[in-house]
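Taken in order, these protein sequences are the chains called B and F. According to our numbering, the first sequence is numbered sequentially starting from 1020. According to our numbering, the second sequence is numbered sequentially starting from 28. Note that beta-carbon positions come from the ideal geometry of N, C-alpha and C, so glycine has one too.
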Amino acid sequence: MIDWQYSESIESPDIVSIKKKYTNYIGGKFVEPKSKKYINTISPSTEELLSKVPLSNEKDINNAVNSAKEGFEVWSKLTPNQRSRYLFKIARLIQERSREFAVLESLDGGKPIKESRDFDLPQVAANFFYFAGWADKLDLSWATKSLKPYGVVGQIIPWNFPLLMLAWKIAPALATGNTVVLKPAETTPLTALLFAEICEQAGLPPGVVNIVTGDGSTGSLIVNHKDINKIAFTGSTQVGKLIQKSLAGRDVGLTLELGGKAANIVYEDAAIDQAVEGVVNGIFFNQGHVCCAGSRLLLQESIHDEFVKKLEKRMQSLRVGNPLDKNTDIGAINSKEQLDKITGLVNEGVEDGGELFQTECELPGNGFWFRPTLFTNVQPSYSIAREEIFGPVLTTLTFRTPEEAVEIANNTEYGLSAGVWTEKGSKILWTADRLDAGVVWANTFNKFDPSSPFGGYKESGFGREGGRHGLLSYLKASS
Amino acid sequence: MGKIKTSYDSIQWSNVLEMVYESRIDSVGLNERVNSLATRSIKKDSKLEALNMIVSMCDLTTLEGEDTEGKISQMVAKAIKPNPLDSSVPSVAAVCVYPSLVGTAKEKVQNSNVKVAAVSSYFPSGQVPMESKLLDTKYAIESGADEIDIVINRKAFLEGDYRKVYDEIVALKEVCQDVHLKTILEVGDLKTYENIRKASLISLAAGSDFIKTSTGKLSIGSSRQACYVMLKSVLDFESMTGVKAGIKVAGGIRDAKDAIRYLVMINEEMGSDWLNPELFRFGASSLLDDVLKQIKKLKTGAYQAGYYFPRG
């Protein structure tokens, strides 16, 4: 018997040159922060310092918003066709430099290069291409004479898909004639700052895209700025609620894409082996740092034991480690803070009485890591079955009938996504009809396309991103 | 499916039927998994280890009307010492020939550890009466074959007569006794993943030691997708009966890169138990030369021309 271990196969980090210190990108220029303060950004897989980025203050945000206002005067007066050409150019430049972006994304965020290379970057380019195509066709879709861009849009994005969330935000905003002030997440600012170079390379008019870095306080300055016309936020439900409160009573547009606790329902007549794959992909993709992750596995009682056995076996083959190793399936947890949160919830799950299974993989010494984890024997009342864990932790619940499956699936304050697994078409439709979720995947999970609208029900937020619906998030009725 | 538990000796036709009618495969999900396994990057030591494993798992094959005793002698010599200049390269697992040449092959392998496999049951079509298939197989065994590769009755299978497919394999297994029985599904004829799964389970339940993808005589030979369906069937069969069966992939596997992708699949889906010539084989004629070239390349950094490697 041979124990065949794969040798390391590292994607070279030399392709990207990380500066010692970065600046904001405001009015088409790279400018030092007025705050004169910086925050560190580290690699979560080694805890090594990668660089320093500005901790922007009120003056910086003022400058960014003012430059976006000036930018709007130029951008909104271009012909739709001219806006379209800029977006196409950005899309092509991203494709040309995609290897560089992918490596930087994996270094700064901890996700495996396999995913940043094969998922994030192709999706980023696809979103710019898609919305570039819309920019000169808005009139064909609606009687747009009565729809106008908001003006200056403040965009605050999370750390799980840093560049992709930037693309989801910037591409439709620009296509519809808005200008933006975007703040990347505190722990993952580097690809957004590299994107600023793309804007420069594409010759985008000054002020159309402004990128400012910082922490929560910086985000709050953007939300509360008097000249912001719309806020688009992706992140936690807790922060989403704070933003909504701050904006109450003001004439500022808002779309929120928040947390989730998606049910992945597996019926006994599913193709079991493929369902196992889909469940694994649903929760372990991107270390489970996915708002639409299939974090609640709902199994029909009749297949519970067989399914769990197969699932545990499959989980053992997941390779956890260096994000730049091309054979890594699961990378590093994004931050110490997130690791603590996951650990806390998992401990709570054990105390509540959940049965814990974790894979036996070796974890690196430095950095933030968490073993792929499965809970069985969980009751719907446990916190691991209710709270968003945002990590590689799957919670199993069981059901007896389709009615019960739907009831358990909807028994949550969230409603972002869901999965249904059965070979029976009519059962898919019956179930999907009754699920309160923005996206329902059937016999697959975590599939994305720029043309498909994405967004939540209930406390998962409102507004849609992607597709024709996504454009409407950046247009408002005008008199 | 998971509920069926039975010992290997007491499998009933009703068990087989239950397994066959519970064959559910989602082709989109399956293709996705197989393609994702193909992105594994196998380099350096792990690649050399893989290449040597592939050599040791090869059934070096010639199945042509033009085969002669001379040709078989050449091939057997190569099977024993695939690269005479590099003694770290192992012998192949077996040579695979038509029944009429088993005697010659057996004589030439002498006391090396290379086995002799014979295709029988009127390979590749199997379109003869059962009596002829039995006779064909008996002849091969009497000539000294260590392993027998038979084809399933695709006529019966596609007509829905699964019982006949099963009974024929049972009867052939009876002739084989301890001689290793590999059953060829001919996945290129079966076409759908469900069919491949059904045929796999029927063959396993009927007593096959191995299931094998193809005869190599069709334009559609083995595929990693078909192998994936078969390995899942083997694993399910193991969890029902406790019996570990083997898999042989054959037909159209011509380069080392493709072969390594099969190994990755076996490694990650089945585990290291199956990384072993007792449970996994490649049927090949031209694969071996590419593997030998790649081994040389890894060790010296240079690709060598074909004439540096002996003819087989």
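Which two residues bound the contiguous beta strand (DSSP E) that contains residue i?
| i | result |
| --- | --- |
| S1070 of chain B | L1068 to P1073 |
| C1380 of chain B | That residue, C1380 of chain B, is in no beta strand (DSSP E); it is neither H nor E in DSSP. |
| S1436 of chain B | S1436 to W1440 |
| W1460 of chain B | V1458 to A1461 |
| F1138 of chain B | Per DSSP, F1138 of chain B belongs to no beta strand (DSSP E) and is neither H nor E. |
| E1276 of chain B | G1272 to E1276 |
| A1496 of chain B | L1494 to A1496 |
| L1393 of chain B | T1392 to T1395 |
Grab the span of the alpha helix (DSSP H) containing residue i for me, first residue to last.
| i | result |
| --- | --- |
| L1261 of chain B | T1256 to L1266 |
| C1311 of chain B | Careful: C1311 of chain B lies outside any alpha helix (DSSP H) and carries neither H nor E. |
| L1358 of chain B | K1355 to D1371 |
| R308 of chain F | Counting along the chain, R308 of chain F falls outside any alpha helix (DSSP H), though it belongs to the beta strand (DSSP E) covering F307 to A311. |
| I1241 of chain B | G1235 to V1242 |
| K71 of chain F | K71 to S83 |
Between residue i and the rest of its own chain, which residues show a CB-CB distance below 8 Å, the 5 nearest in sequence each way excluded?
| i | result |
| --- | --- |
| T1347 of chain B | P1131, I1132, K1133, R1338, V1339, G1340 and N1341 |
| Y189 of chain F | V43, L44, V47, A183, K225 and I229 |
| R281 of chain F | A311, S313, L314 and D317 |
| G215 of chain F | S241, L245, S246, I247, G248 and G278 |
| L319 of chain F | V82, P109, N110, V116 and F336 |
| D72 of chain F | none |
| K1056 of chain B | P1073, L1074 and N1076 |
| V1299 of chain B | L1330, R1333, M1334 and L1337 |
Go through its chain and collect everything with a Cβ distance to residue i's Cβ below 6 Å, but skip five positions before and after it.
| i | result |
| --- | --- |
| G1485 of chain B | P1469, S1471, P1472 and F1473 |
| D1371 of chain B | Y1401 |
| L208 of chain F | I175, K200, S235 and D236 |
| D252 of chain F | The sequence shown places Gln at residue 252 of chain F, rather than the Asp named in the question. Same-chain partners within the cutoff: V61. |
| S1117 of chain B | L1140 |
| F264 of chain F | L231 |
| G29 of chain F | With a pLDDT of 48 at G29 of chain F, under the threshold of 50, the modelled position of that residue is not reliable, and the figure given next carries that caveat. Closer than 6 Å at the Cβ level, and outside the excluded window around G29 of chain F, lies no residue. |
Look at the alpha carbon of residue i and the alpha carbon of residue j, and state the distance between them as a whole number of angstroms.
| i | j | result |
| --- | --- | --- |
| T268 of chain F | V43 of chain F | 12 Å |
| L315 of chain F | T327 of chain F | 18 Å |
| N222 of chain F | I1217 of chain B | 51 Å |
| S1103 of chain B | G1475 of chain B | 29 Å |
| P109 of chain F | P337 of chain F | 8 Å |
| H1488 of chain B | N1197 of chain B | 16 Å |
| V206 of chain F | P111 of chain F | 30 Å |
| K1088 of chain B | K1360 of chain B | 39 Å |
| Y35 of chain F | L231 of chain F | 10 Å |
| E1422 of chain B | F1409 of chain B | 28 Å |
| S159 of chain F | N180 of chain F | 13 Å |
| V40 of chain F | K191 of chain F | First, the residue type needs correcting, since residue 40 of chain F is Trp and not Val in the sequence shown. The straight-line gap from Cα to Cα measures roughly 11 Å. |
| D53 of chain F | L1317 of chain B | 19 Å |
| A1282 of chain B | R1405 of chain B | 11 Å |
| S68 of chain F | Y1025 of chain B | 8 Å |
| R288 of chain F | S63 of chain F | 10 Å |
| K135 of chain F | A104 of chain F | 8 Å |
| S148 of chain F | L161 of chain F | 7 Å |
| N1179 of chain B | L87 of chain F | 50 Å |
| I99 of chain F | S139 of chain F | 15 Å |
| D353 of chain F | K275 of chain F | With chain F represented from 28 up to 339, any question about residue 353 of chain F goes unanswered, as that position is not in the structure. |
| A132 of chain F | E169 of chain F | 13 Å |
| P1181 of chain B | F1376 of chain B | 30 Å |
| P1517 of chain B | T1207 of chain B | The shown model of chain B, from 1020 to 1498, leaves out residue 1517 of chain B, and the question about it has no answer. |
| K1038 of chain B | E1066 of chain B | 17 Å |
Could you round the C-beta distance between residue i and residue j to whole angstroms and report it? I think they count as a contact, below 8 Å.
| i | j | result |
| --- | --- | --- |
| E174 of chain F | K142 of chain F | 6 Å |
| L1416 of chain B | A1437 of chain B | Contact flag wrong, Cβ pair sits at about 13 Å. |
| L967 of chain B | S1479 of chain B | In this structure chain B extends from 1020 to 1498, so residue 967 of chain B is not present and cannot be described. |
| D1234 of chain B | L1074 of chain B | 6 Å |
| K1249 of chain B | V1172 of chain B | 5 Å |
| V119 of chain F | A172 of chain F | Actually they are not in contact, since the Cβ atoms of V119 of chain F and A172 of chain F sit about 16 Å apart, beyond 8 Å. |
Which same chain residues end up closer than 7 Å to residue i when comparing Cβ atoms and leaving out the 5 residues on each side of it in sequence?
| i | result |
| --- | --- |
| N1059 of chain B | L1068 and K1071 |
| T1274 of chain B | A1251, F1481, G1482 and S1492 |
| S1165 of chain B | A1496 and S1497 |
| K1345 of chain B | S1028, E1030, I1132 and K1133 |
| Q1335 of chain B | T1378 and E1379 |
| K1431 of chain B | The sequence as given places Thr at residue 1431 of chain B; Lys does not occur at that position. Excluding residues within five positions, the ones whose Cβ falls inside 7 Å are K1280 and R1405. |
| A1428 of chain B | A1282, I1284, L1317, A1437 and L1454 |
Entirely enclosed beta strand (DSSP E) segments - the stretch 100-173 of chain F, minimum 3 residues: 121-124 and 142-146
I'd like the ranges of any alpha helix (DSSP H) spanning at least 4 consecutive residues and lying wholly in the stretch 1150-1203 of chain B. 1157-1160 and 1181-1194
Quick check for students: name the residue ranges of the beta strand (DSSP E) that lie wholly in the stretch 241-285 of chain F, counting only runs of 3 or more. Runs of the beta strand (DSSP E) inside the stretch 241-285 of chain F: 273-277.
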